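Okay, structure first, notes after.
Protein chains: 2
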Amino acid sequence: MPALPRPVGRPRDPALDVAILAAALELLGEGGMETCALDAVARRAGVGKATIYRRWPSKDDLVRDAFGSTAPELLPAEDQGSLVGDAVGVLAALAAALRAPRARAWRRTVPALGPDSPLLPGLPTGPVGDWTGAVDGVVARAEQRGEVGPGTFPPLALRAACAVLVERWLTGQDLDEATETALLTELQSVLLRPHLRG
Amino acid sequence: MPALPRPVGRPRDPALDVAILAAALELLGEGGMETCALDAVARRAGVGKATIYRRWPSKDDLVRDAFGSTAPELLPAEDQGSLVGDAVGVLAALAAALRAPRARAWRRTVPALGPDSPLLPGLPTGPVGDWTGAVDGVVARAEQRGEVGPGTFPPLALRAACAVLVERWLTGQDLDEATETALLTELQSVLLRPHLRG
Numbered sequence: 001m002p003a004l005p006r007p008v009g010r011p012r013d014p015a016l017d018v019a020i021l022a023a024a025l026e027l028l029g030e031g032g033m034e035t036c037a038l039d040a041v042a043r044r045a046g047v048g049k050a051t052i053y054r055r056w057p058s059k060d061d062l063v064r065d066a067f068g069s070t071a072p073e074l075l076p077a078e079d080q081g082s083l084v085g086d087a088v089g090v091l092a093a094l095a096a097a098l099r100a101p102r103a104r105a106w107r108r109t110v111p112a113l114g115p116d117s118p119l120l121p122g123l124p125t126g127p128v129g130d131w132t133g134a135v136d137g138v139v140a141r142a143e144q145r146g147e148v149g150p151g152t153f154p155p156l157a158l159r160a161a162c163a164v165l166v167e168r169w170l171t172g173q174d175l176d177e178a179t180e181t182a183l184l185t186e187l188q189s190v191l192l193r194p195h196l197r198g
Numbered sequence: 001m002p003a004l005p006r007p008v009g010r011p012r013d014p015a016l017d018v019a020i021l022a023a024a025l026e027l028l029g030e031g032g033m034e035t036c037a038l039d040a041v042a043r044r045a046g047v048g049k050a051t052i053y054r055r056w057p058s059k060d061d062l063v064r065d066a067f068g069s070t071a072p073e074l075l076p077a078e079d080q081g082s083l084v085g086d087a088v089g090v091l092a093a094l095a096a097a098l099r100a101p102r103a104r105a106w107r108r109t110v111p112a113l114g115p116d117s118p119l120l121p122g123l124p125t126g127p128v129g130d131w132t133g134a135v136d137g138v139v140a141r142a143e144q145r146g147e148v149g150p151g152t153f154p155p156l157a158l159r160a161a162c163a164v165l166v167e168r169w170l171t172g173q174d175l176d177e178a179t180e181t182a183l184l185t186e187l188q189s190v191l192l193r194p195h196l197r198g
């Protein structure tokens, strides 16, 4: 293997970074680590291989960064004014994230890794962003606005709603728009509303 | 490749079948399809390769059968006398199934397959047995004994409890005995009890 230039601190063109990381995720989603060869990433992103090596010293580094730098924020940036409003925002963001290339890439790459895989450290443990943190944020906002008393709304109720979406995705059940709307309504009524009475 | 004998209807020694299927699941759990070579299965099960070929014409057939014939029954065979009793039975069976070699094998094999993989048809869509069917069974029993009115207990509440366990497993969070007991208690109180009031 030829000696490679060391990566230099900040990449020079952020748009190239985005294109390379997106190409890596797409290829991982199509066939896992095997399909995500650096040649293929370079072709898909329309760059030379050297452009990739200047940024990431190895494929493992590129893959880790592709997952790490594309994790979506699931909590709506704007407070939606109610626990249910914020919760539906998180659930809709989660459903969208589960349809995105990053989740497809995760599905074909991460579960198949053994506990001793050198790729594993630094990879996300879940297919999408930090939904546990988003759930805690929803409950904290509701407590701050006095909608629920401190500690009275169980985060597990909303975590369970998220888990239903993750489970559907894992078992390959597509979520078209109409099904998603119906499911989000049912999740609200069955899991969230009972804890908002009184 | 030498001509192989065709499989003959019923296998001759069921104990050998069990040993071969268990060896295949173990190896899949250790490293997916690559690790589950027929040589390795034969060694692990303590049989000759011909013994395997007499039963399954190809590795894909063996792998499908390993998943299909070892799916656990999640609904307790004995009616536990209450919806919560039956539900806890399903959740405990699900937690145990997620710790078993079959779930580990599924995790390292199935999510990584592409939609066009020839192995995919005939493989289970989920890591364990039929938990949706088990949930429906719990609710049907409760309705039959008059504990809940027809259609008043939402199966989604119990499906969500199952999904929490599946999500924990997927993201690699171990469930030791004490954590499992605490989680099952919380799932009951947050997800099931609100629908049993009145």
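Sequence order for the protein chains is A and B.
Residue numbers are given in the UniProt record's numbering: position 17 of the first sequence equals residue 17, and the series is strictly consecutive.
Residue numbers are given in the UniProt record's numbering: position 9 of the second sequence equals residue 9, and the series is strictly consecutive.
Don't be surprised by glycine CBs; every beta carbon is placed ideally from N, CA and C.
What you are looking at is a predicted structure, and each value in this text was computed from that prediction instead of being measured.
Own chain residues within Cβ distance below 6 Å of residue i, not counting five before or after
{"i": "B/Arg-104", "result": "Gly-29"}
{"i": "A/Gly-122", "result": "Arg-64"}
{"i": "B/Ala-134", "result": "Leu-74, Leu-75 and Val-90"}
{"i": "B/Met-1", "result": "The predicted position of B/Met-1 is uncertain, since its pLDDT is 46 and thus under 50; no value can be drawn from it."}
{"i": "residue 200 of chain A", "result": "Outside the modelled stretch of chain A, which goes from 1 to 198, sits residue 200 of chain A, for which no answer is possible."}
Rounded straight-line distance, which links the Cα of residue j to that of residue i
{"i": "B/Ala-140", "j": "A/Ala-95", "result": "30 Å"}
{"i": "A/Arg-159", "j": "A/Gly-146", "result": "21 Å"}
{"i": "residue 239 of chain B", "j": "B/Asp-17", "result": "Because chain B is modelled from 1 through 198, residue 239 of chain B falls outside the range shown and cannot be assessed."}
{"i": "B/Leu-113", "j": "B/Arg-107", "result": "11 Å"}
{"i": "A/Gly-48", "j": "A/Ala-23", "result": "13 Å"}
{"i": "B/Pro-14", "j": "A/Pro-194", "result": "51 Å"}
{"i": "B/Leu-165", "j": "A/Gly-46", "result": "42 Å"}
{"i": "A/Ala-163", "j": "B/Leu-62", "result": "32 Å"}
{"i": "A/Asp-60", "j": "A/Thr-51", "result": "16 Å"}
{"i": "A/Pro-115", "j": "B/Thr-171", "result": "12 Å"}
{"i": "A/Pro-118", "j": "B/Val-84", "result": "43 Å"}
{"i": "B/Gly-126", "j": "B/Glu-180", "result": "21 Å"}
{"i": "B/Ala-178", "j": "A/Ala-37", "result": "44 Å"}
{"i": "B/Leu-183", "j": "A/Val-138", "result": "21 Å"}
{"i": "A/Leu-120", "j": "A/Gly-151", "result": "35 Å"}
{"i": "B/Pro-124", "j": "B/Phe-67", "result": "7 Å"}
{"i": "A/Trp-131", "j": "A/Ser-189", "result": "20 Å"}
{"i": "A/Val-110", "j": "B/Glu-167", "result": "14 Å"}
{"i": "B/Gln-144", "j": "A/Ala-93", "result": "39 Å"}
{"i": "A/Tyr-53", "j": "B/Gln-173", "result": "34 Å"}
{"i": "A/Asp-79", "j": "A/Val-88", "result": "12 Å"}
{"i": "A/Ala-19", "j": "B/Ala-19", "result": "49 Å"}
{"i": "B/Met-33", "j": "B/Leu-196", "result": "45 Å"}
{"i": "B/Ser-58", "j": "A/Leu-192", "result": "49 Å"}
{"i": "A/Thr-185", "j": "B/Thr-185", "result": "26 Å"}
{"i": "A/Ala-42", "j": "B/Ala-42", "result": "42 Å"}
Residues of its chain near residue i, where Cβ-Cβ distance is below 7 Å and the 5 sequence neighbours each way are ignored
{"i": "A/Ala-40", "result": "Leu-27"}
{"i": "B/Thr-70", "result": "Leu-21, Leu-25 and Arg-102"}
{"i": "B/Leu-187", "result": "Leu-91, Ala-161 and Val-164"}
{"i": "B/Pro-155", "result": "Val-135, Asp-136 and Val-139"}
{"i": "B/Ala-157", "result": "Leu-191, Leu-192 and His-195"}
{"i": "B/Arg-44", "result": "Ala-23, Glu-26 and Leu-27"}
Segment limits, alpha helix (DSSP H) that includes residue i
{"i": "residue 215 of chain A", "result": "This structure gives no information on residue 215 of chain A, because the portion of chain A shown stretches from 1 to 198."}
{"i": "A/Pro-101", "result": "101-109"}
{"i": "B/Arg-55", "result": "49-55"}
{"i": "B/Glu-186", "result": "177-187"}
{"i": "A/Gln-144", "result": "131-144"}
{"i": "B/Leu-113", "result": "Counting along the chain, B/Leu-113 falls outside any alpha helix (DSSP H), and DSSP gives it neither H nor E."}
{"i": "A/Gly-31", "result": "14-35"}
{"i": "B/Val-190", "result": "No alpha helix (DSSP H) holds B/Val-190; DSSP gives it neither H nor E."}
{"i": "A/Leu-123", "result": "Note, A/Leu-123: premise wrong, no alpha helix (DSSP H); not H, not E."}
{"i": "A/Leu-170", "result": "155-170"}
{"i": "B/Val-41", "result": "38-45"}
Neighbourhood of residue i by C-beta, 8 Å cutoff - its chain only, sequence neighbours within 5 removed
{"i": "B/Thr-35", "result": "Leu-27 and Leu-28"}
{"i": "B/Ala-142", "result": "Ser-82, Leu-83, Asp-86, Val-148 and Phe-153"}
{"i": "B/Leu-175", "result": "Ala-95, Leu-98, Arg-99, Leu-165, Arg-168, Trp-169 and Leu-183"}
{"i": "A/Gly-31", "result": "Arg-108"}
Per-residue contacts from residue i into chain D (C-beta, under 8 Å)
{"i": "B/Glu-186", "result": "Going by chain labels, chain D is absent from the structure shown, which instead holds the protein chains A and B."}
Could you list the residues in the stretch 26-37 of chain B with a C-beta less than 8 Å from some C-beta on chain A, going in chain order?
The residues in question are Glu-30, Gly-31 and Gly-32.
The stretch 126-156 of chain B: positions lying closer than 7 Å to chain A by Cβ:
Closer than 7 Å at the C-beta level to chain A, one finds these residues of the stretch 126-156 of chain B: Gly-126, Pro-154 and Leu-156.
Beta carbons nearer than 7 Å to chain B: which residues of the stretch 97-122 of chain A have them?
Listed by position along the chain: Arg-107, Arg-108, Pro-111, Ala-112 and Gly-114.
Residues of the stretch 160-174 of chain A with Cβ closer than 9 Å to any Cβ of chain B, in chain order:
Listed in chain order, the positions of the stretch 160-174 of chain A with a beta carbon within less than 9 Å of a beta carbon of chain B are Ala-160, Ala-161, Cys-162, Ala-163, Val-164, Leu-165, Val-166, Glu-167, Arg-168, Leu-170, Thr-171, Gly-172 and Gln-173.
What are the residues in the stretch 63-86 of chain B lying within 7 Å of chain A by C-beta distance?
Cβ proximity to chain A below 7 Å picks out nothing from the stretch 63-86 of chain B.
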